[in-house]
Ligand SMILES: [Zn+2]
Ligand SMILES: [Zn+2]
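Residue numbers (our numbering): 1 to 457.
What follows is the structure, given as structure tokens:
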């Protein structure tokens, strides 16, 4: 048995790992798009897929699923296993990815989606299922909740090894303990080999109280000058978490507080779709969210929330915001500002002193988001649509809202196992994060454990 890595090795995007279980069988874990600095123009699948019998999808972020259409184009005809909620989200994500990045041709889009729908097999959490193999080998897998976004999972795969089995665990993206809405991931019982993400391998997040306070303070300051508050957010996950937090801040505000006067605009038809999915899968919410529901509150819906759908409406909102009399918070994708409607907002409002941009998620190297973080604080500029845009806006970063486990969480995921891995491979992180986390694992687990930074295959 060995593992090849076809992405998420030099950065956080393009997740795609291949578990080769024998000379004629392998399983793919995720097949994501490269973004930012990692992105190239040629997205086609370059590795040999002739032995690949199945794809397992850990979660529906585009950098974990975006190359599925290219996998089809290469001739992949196996099943796609994923959790029940992810099975429901996946076609929406792929449809959007095709429309934004590939084609507007309805025929091609529909053909791809119908293929996808035929291939998806929805799997319950915490339930073993058998994977197809090209030989007598029995391969079993199980999905466990990863607490990262709705439906997200880490994967355990048992590969026969003489009289025993070798358990390989792929972490996918792991959630932080206090991710709004979703319960924290529990470490697996055991792993022999572990492939783990390391996005925040070098950092620990602010505590929950602190981050809510920071968000509250930043927004209260930001709206004093009647400016626009822009929050770039993935349509799936982050947008819903922020709505959940905003509902709480509005709910707790005193009757005459400015909070009751702030408009919250979600400018993304996709985000609105996903919010519906989050509402549909309430059973996956954590205790606190369920308690709010039981009290008659609507954690993902409130009076001052507006959703923008059509492109026409989107352009109208930008116009309207230029002349508005009320403070407004805009949530729009993409989370790292690599495309999507947020880019139009940034182009329009970065040059205004009254604007505030709040980054709540990880900004990958080479993304517009990372550039704004870097140059915004020193009054610099960025290029948007080939135009130089000066940054007069105030730029804030709140790290506590990350949907990713921090260093402590990543260590706990391993030290919490009853039987610890003998081999750890680090993926999905910048160099520094991977190096620091590797050191921490070596310290915590001692000599006997091989800790390795994964390399591109
Ligand atoms: Zn993710
Ligand atoms: Zn990821």
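Each residue gets a CB set at the ideal place from its N, CA and C atoms; glycine is no exception.
heavy atom of ligand 2 below 7 angstroms from residue i C-beta
i	result
residue 458	The requested residue 458 does not occur in the structure, where the chain is confined to residues 1 to 457.
residue 254	no
residue 428	yes
residue 529	The requested residue 529 is not part of the displayed model; the chain covers only 1 to 457.
residue 64	yes
residue 15	yes
residue 12	yes
Residue i: CB within 7 angstroms of a non-hydrogen atom of ligand 1
i	result
residue 61	yes
residue 24	no
residue 30	no
residue 173	yes
residue 56	no
residue 196	no
residue 68	no
residue 148	yes
Span of the beta strand (DSSP E), counted from its first residue to its last, around residue i
i	result
residue 396	394-397
residue 170	164-170
residue 22	17-22
residue 156	153-161
residue 265	263-267
residue 27	25-29
residue 290	Here residue 290 belongs to no beta strand (DSSP E); instead the alpha helix (DSSP H) covers 287-294.
residue 465	The question about residue 465 has no answer, for the chain in this structure spans 1 to 457.
residue 356	356-359
Pick from the options that is closest to residue i, judged by C-alpha positions
i	options	result
residue 224	329, 158, 164	329
residue 31	69, 315, 53	69
residue 239	169, 358, 144	358
residue 348	106, 36, 228	228
residue 308	98, 413, 332, 219	332
residue 405	318, 185, 260	185
residue 54	16, 409, 257	16
residue 180	119, 243, 194, 133	243
residue 236	279, 371, 52	279
residue 356	376, 339, 368, 445	376
residue 6	40, 213, 45	45
residue 92	81, 105, 112	112
residue 352	374, 390, 161, 373	390
residue 386	392, 373, 368	368
residue 382	407, 350, 396	350
Residue i CB to nearest heavy atom of ligand 3 below 7 angstroms
i	result
residue 406	Among the ligands present in this structure, namely ligand 1 and ligand 2, ligand 3 is not found.
Exposure label - residue i; buried when at least 16 CB within 10 Å
i	result
residue 443	exposed
residue 364	buried
residue 178	buried
residue 63	buried
residue 456	exposed
residue 345	buried
residue 315	exposed
residue 219	buried
residue 471	The first residue shown for the chain is 1 and the last is 457, placing residue 471 beyond what the model contains.
residue 10	buried
residue 474	Here the chain comprises residues numbered 1 to 457, so residue 474 is not present and cannot be evaluated.
residue 189	exposed
residue 326	exposed
residue 487	Examination of residue 487 is not possible in this model, given that the chain is present from 1 through 457 alone.
residue 420	buried
residue 192	buried
residue 127	exposed
residue 401	buried
residue 362	buried
residue 291	exposed
residue 187	buried
residue 67	buried
residue 255	exposed
residue 104	exposed
residue 75	exposed
Residue i - containing alpha helix (DSSP H), residue span
i	result
residue 106	106-119
residue 407	407-415
residue 325	That residue, residue 325, is in no alpha helix (DSSP H); it is neither H nor E in DSSP.
residue 455	It is not in any alpha helix (DSSP H) - residue 455 carries neither H nor E in the DSSP assignment.
residue 343	342-349
residue 72	68-73
Assumed close pair residue i, residue j - CB separation to whole angstroms, cut-off 8 angstroms
i	j	result
residue 417	residue 35	Going by Cβ atoms, the distance from residue 417 to residue 35 rounds to 31 angstroms, so no, they are not a contact pair.
residue 201	residue 433	4 angstroms
residue 305	residue 168	Between residue 168 and residue 305 the Cβ distance is about 43 angstroms, and since that is not below 8 angstroms, they are no contact.
residue 427	residue 403	Between residue 403 and residue 427 the Cβ distance is about 17 angstroms, and since that is not below 8 angstroms, they are no contact.
residue 198	residue 429	3 angstroms
residue 143	residue 125	5 angstroms
residue 398	residue 230	Their Cβ separation, rounded to whole angstroms, is 13 angstroms, which puts residue 398 and residue 230 out of contact at 8 angstroms.
residue 83	residue 147	Wrong, their Cβ atoms sit about 12 angstroms apart, outside the cutoff.
Proximity test, Cβ basis, 8 angstroms: residue i and chain C
i	result
residue 17	Given the protein chain composition of this structure (a single chain), no chain C is represented.
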